[in-house]
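For reference, the structure discussed in these notes is given below.
Protein chains: 2
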Amino acid sequence: MNVAFINPFIAALTNVLKTMAQTELKPGKPSKKSDTKARGDVSGMIGLVGEELQGSLSITFEQGLAFEIMNRMLGEKPAELDDEVSDMVGEIANMVCGGAKQALAEQGHEFGMATPIVVSGKDHSINHLVDGPKMIMPFTNEFGNAYLEICFNK
Amino acid sequence: MNVAFINPFIAALTNVLKTMAQTELKPGKPSKKSDTKARGDVSGMIGLVGEELQGSLSITFEQGLAFEIMNRMLGEKPAELDDEVSDMVGEIANMVCGGAKQALAEQGHEFGMATPIVVSGKDHSINHLVDGPKMIMPFTNEFGNAYLEICFNK
Chain E
18 MNVAFINPFI AALTNVLKTM AQTELKPGKP SKKSDTKARG DVSGMIGLVG
68 EELQGSLSIT FEQGLAFEIM NRMLGEKPAE LDDEVSDMVG EIANMVCGGA
118 KQALAEQGHE FGMATPIVVS GKDHSINHLV DGPKMIMPFT NEFGNAYLEI
168 CFNK
Chain X
18 MNVAFINPFI AALTNVLKTM AQTELKPGKP SKKSDTKARG DVSGMIGLVG
68 EELQGSLSIT FEQGLAFEIM NRMLGEKPAE LDDEVSDMVG EIANMVCGGA
118 KQALAEQGHE FGMATPIVVS GKDHSINHLV DGPKMIMPFT NEFGNAYLEI
168 CFNK
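Just so you know, the sequences run in chain order E and X.
Numbered according to my numbering, the first sequence spans residues 18 to 171.
Numbered according to my numbering, the second sequence spans residues 18 to 171.
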């Protein structure tokens, strides 16, 4: 997967969180992920379907960062990782994927997005079943980390 | 969601497990799912994208049933819920979804499939973010239960 594919997702994630939750996240270095361990507590996932490519995206948040984003969006910090947090993570995944989809369409790469599925649970694993490499991109601020995973069947 | 949409998925799941793993599963009654608790230990998920519909599917297995299916397919019972089990659950989700896709296409309902994502972990939750109802269908045999969840944005 070339960098032209990854950058729109990185830009969309930092932009969505800045706009929606006044949250600045510092992106780290993308790398290949070879294990299936989720790096956080709640993951929003979206299936991607194009004529020539299929793939999947996940955005995993550590609980502390997810709670702070809820706090900034709704003015109240949740007490537990409940369905409201899960809904928010799904909406963030949707907005990030939609932003990247638009940027990639302008470069001639069209794909459709499935509806998000959000999974939560301590020590869950995420196994993207694709033929291509699985890329993981870390993001961080003082409240915790988030991890964007993306992969395509190519 | 009408029953014409659900039945091809039920038929595909029983058929795939019978053919691939000589495993008979008895389907129970479909119902609406209103919580987000996963009913098992490992879930294969696939995003669905059509021109007029989007949605998501998940198939969750209790560990005992997943292990017995591995045993029948590979002749060896796994010791833990590892990536091999996870890969198998993703392949099953892919085959079930592919079977239902073909049956639904013959009825004029076309959709594309994303690549599978498999999540595992004790007490994980699955939150499908759609506007429409979320249907859950139980399947059972003497080794345990499986649960097919499907929903569309309609």
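For glycine and all other residues, C-beta sits at the position ideal for the given N, C-alpha and C.
Three-state secondary structure assigned by DSSP to residue i
i, result
"N170(E)", "coil"
"P150(E)", "coil"
"G116(E)", "helix"
"L165(E)", "strand"
"G129(E)", "strand"
"A110(X)", "helix"
"E123(X)", "helix"
"E85(X)", "helix"
"L91(E)", "helix"
"E101(X)", "helix"
For residue j and residue i, the rounded distance between their alpha carbons
i, j, result
"S60(X)", "E159(X)", "20 Å"
"H141(X)", "A38(X)", "26 Å"
"E166(E)", "K139(X)", "22 Å"
"P47(X)", "L74(X)", "14 Å"
"A83(E)", "F156(E)", "13 Å"
"A163(X)", "E123(E)", "42 Å"
"G115(E)", "M130(E)", "8 Å"
"V66(E)", "L65(X)", "8 Å"
"G161(E)", "K43(E)", "11 Å"
"I63(X)", "E41(E)", "31 Å"
"D14(E)", "M112(E)", "This structure does not reach residue 14(E), given that chain E is present from 18 up to 171, and the question cannot be answered."
"I109(X)", "G72(E)", "17 Å"
"K118(X)", "F128(X)", "7 Å"
"A29(X)", "M87(X)", "18 Å"
"C168(X)", "D99(E)", "21 Å"
"P133(E)", "E97(X)", "29 Å"
"S58(X)", "V136(X)", "The sequence shown places Asp at residue 58(X), not Ser. Answer to the nearest angstrom: the Cα atoms are 8 Å apart."
"T53(E)", "I143(E)", "5 Å"
"A55(E)", "V102(E)", "17 Å"
"F22(E)", "A21(X)", "38 Å"
"T106(E)", "T77(E)", "Residue identity check: residue 106(E) is Val in the sequence provided, not Thr. Their Cα atoms are separated by approximately 8 Å."
"L121(E)", "G45(X)", "43 Å"
"E69(E)", "N24(E)", "20 Å"
"Q80(X)", "P95(E)", "32 Å"
"F154(E)", "L146(E)", "Note on identity: in this sequence residue 154(E) is Met, with Phe being the wrong assignment. Roughly 18 Å between the two C-alpha positions."
"T31(X)", "E85(X)", "15 Å"
"I27(E)", "I27(X)", "39 Å"
"G125(E)", "G125(X)", "29 Å"
For residue i: DSSP bridge partner residues
i, result
"F160(X)", "According to DSSP, which records beta bridges pairwise, F160(X) is partnered with nothing at all."
"K54(E)", "S142(E)"
"V136(E)", "S60(E) and I143(X)"
"P155(E)", "Y164(E)"
Uninterrupted beta strand (DSSP E) stretches inside the segment 18-82 of chain E (no shorter than 3 residues): 59-66 and 71-78
Checklist entry - Does the segment 22-40 of chain X come close enough to the segment 49-59 of chain X to have 3 or more Cβ pairs within less than 8 Å? => result no
- Task: Would you be able to state if there are at least three C-beta pairs under 8 Å between the segment 90-97 of chain E and the segment 142-156 of chain X?
- Result: no
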